[in-house]
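Residue numbers (our numbering): 13 to 358.
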């Protein structure tokens, strides 16, 4: 079995903020020795380094927080709170983001003038909570606000209410009936408490009663990494020849489109290596059940992923990308794990 620390990814981002607003990979630059540590020891050690650095240089945490807040509010194309609307057209991105900001400001002004509705206050309160979490979920660690995927609805609610207010000012033209009163019942409160309890208690309960099965590692040559990899049809990308007439529809993507997207990544060093992935390869993102560590795995073109399955893999790691904290592996041999289990039982 593999011992994995809950929310271990948070430790990397926290160290990046505490060290002055750096990327989550900064811990590998300052303390490269932790790459050899297994979980949960690695995450615990990163937390210790973060706390020691905070005690020694607390101003770096403030610097990092301001840097992430600035990116969240001011960066349009990659890290901003509306960057997911940017697309490839920079002019359109600036216009769209500017309009969304103005609509959100309308709600904030109504609150300051004490003319806001309950919905306005709810949206503003939710936004303040999201804004306060920015140093701990740094938007600069991803792009297009991917880390805030579950909160995008709340971020978009503020300009949405601003637009609703503008529409309500012209009821005859829009047919909008105006603001209506909302009623919160005791049933709604009870349901909310129940959902929160299920969100917290059920995962912890399942973890305490479920015992993962023992795994049989593959026999790999020296310098190869043994992997047991769960594969899901919705979690892979198949690179096509540039001459292929197939549509660019995930999981299928022409290699030149993939290379173009890689060049747009914030980390240029990593993008260079991703562009070198061969055509017709299958790229999947997951974790090695033998170690509990996440990875990017490049599979040969012969692999067909039509259903959930578990693979037994011997892979070679790209050590140049590992310097940036990216675990990229190239599979050299692949076998279906369930088939191996049946053969061993027979």
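Note that beta-carbon positions come from the ideal geometry of N, C-alpha and C, so glycine has one too.
(request) Identify which residue in 46, 72 and 228 has its Cα closest to the Cα of residue 60. (result) 46
(request) Compare the beta carbon distance of residue 311 and residue 148 with 8 Å and say whether it is the shorter of the two. (result) no
(message) What does the alpha-carbon distance come out to for the pair residue 33 and residue 66?
(response) The straight-line gap from Cα to Cα measures roughly 12 Å.
(message) Measuring only the C-alpha atoms, how far is residue 262 from residue 246?
(response) Cα to Cα, the separation comes out at about 9 Å.
(message) According to DSSP, simplified to helix, strand and coil, what is residue 101?
(response) In the structure shown, residue 101 sits in coil (DSSP, three-state: anything other than H, G, I, E or B).
(request) Would you kindly work out how many angstroms separate the C-alpha atoms of residue 30 and residue 179, rounded to a whole number? (result) 44 Å
(request) Find out if the Cβ-Cβ distance for the pair residue 8, residue 348 is shorter than 8 Å. (result) Since the first residue shown for the chain is 13 and the last is 358, residue 8 is missing from the structure and cannot be characterised.
(message) Quick check on the DSSP output: what are the complete beta strand (DSSP E) runs of length 3 or more inside the segment 237–276, in order along the chain?
(response) 237–243, 248–252 and 264–266
(request) Just mark residue 153 as buried or exposed, buried being the case when its beta carbon has 16 or more other beta carbons within 10 Å. (result) With 16 or more other Cβ atoms within 10 Å, it is buried.
(request) Give me the Cα-Cα distance between residue 204 and residue 112, rounded to the nearest whole angstrom. (result) 30 Å
(request) Output yes or no for whether 8 Å exceeds the beta carbon distance between residue 135 and residue 170. (result) It is a contact, given that the beta carbons lie within the stated cut-off.
(message) Between the alpha carbons of residue 39 and residue 94, how many angstroms are there, rounded?
(response) 28 Å
(request) Determine the burial state of residue 356: buried for a count of at least 16 other Cβ atoms within 10 Å of its Cβ, exposed for fewer. (result) Residue placement at residue 356 is flagged as unreliable, the pLDDT there being 47, under the threshold of 50; the coordinate-derived value follows with that caveat. It counts as exposed.
(message) Using a 10 Å radius around the Cβ and a threshold of 16 neighbouring Cβ atoms, would you call residue 346 buried or exposed?
(response) buried
(message) Applying the 10 Å Cβ sphere with the 16-neighbour rule, what's the burial state of residue 36?
(response) buried
(message) Using a 10 Å radius around the Cβ and a threshold of 16 neighbouring Cβ atoms, would you call residue 114 buried or exposed?
(response) With fewer than 16 other Cβ atoms within 10 Å, it is exposed.
(request) Report the three-state DSSP secondary structure of residue 341 (helix, strand or coil). (result) strand
(request) Helix, strand or coil for residue 214, going by three-state DSSP, please let me know. (result) Residue 214 sits in a helix when the DSSP states are folded into three classes.
(request) Going by CA-CA distance only, name the one from 260, 232 and 242 that's closest to residue 249. (result) 260
(message) Is it buried or exposed, residue 21, if we count other Cβ atoms within 10 angstroms and call 16 or more buried?
(response) exposed
(request) Could you pull out every unbroken alpha helix (DSSP H) segment of at least 4 residues lying fully inside the segment 148–187, listed in chain order? (result) Within the segment 148–187, complete alpha helix (DSSP H) segments of at least 4 residues are found at 164–180 and 183–186, given in chain order.
(request) Take the Cβ of residue 290 as the centre, count every other Cβ of all protein chains shown within 10 Å, and call the residue buried at 16 or more, exposed below. (result) exposed
(message) With the cut-off set at 8 Å, would you say residue 243 and residue 320 are in Cβ contact?
(response) Yes, the Cβ-Cβ distance between residue 243 and residue 320 is below 8 Å.
(request) Could you have a look at residue 54 and say whether DSSP puts it in helix, strand or coil? (result) The answer is helix: DSSP assigns residue 54 an H, G or I state.
(request) Assuming residue 227 contacts residue 302 (C-beta within less than 8 Å), just tell me the rounded distance between them. (result) Yes, they are in contact, since the Cβ atoms of residue 227 and residue 302 sit about 6 Å apart, within 8 Å.
(request) Using beta-carbon positions only, say whether residue 267 and residue 330 come within less than 8 Å of one another. (result) no
(request) Taking only the alpha-carbon atoms, compute the straight-line gap between residue 353 and residue 231 and give it to the nearest angstrom. (result) Confidence at residue 353 is low in this model, with a pLDDT of 44, below 50, so its placement is unreliable and the value that follows should be read with caution. Going by the C-alpha atoms only, they are around 14 Å apart.
(request) Could you tell me which of 168, 102 and 336 sits nearest to residue 117, measuring between CA atoms? (result) 168
(message) Quick check: what's the CA-CA separation for residue 272 versus residue 255?
(response) 16 Å
(request) Return yes when the Cβ of residue 341 is within less than 8 Å of the Cβ of residue 5, no when it is not. (result) Any question about residue 5 goes unanswered here, given that the chain covers just 13 to 358.
(request) Express the C-alpha separation of residue 334 and residue 207 in angstroms, rounding to a whole number. (result) Cα to Cα, the separation comes out at about 40 Å.
(message) Quick check on residue 66: does DSSP put it in helix, strand or coil?
(response) Reduced to three states, the DSSP call for residue 66 is helix.
(message) Taking 8 Å as the threshold (C-beta atoms), are residue 182 and residue 91 in contact?
(response) Cβ distance not < 8 Å, so residue 91 and residue 182 don't count as in contact.
(message) Can you tell me whether residue 292 is buried or exposed? The criterion is at least 16 other CB atoms within 10 Å of its CB, across all chains shown.
(response) exposed
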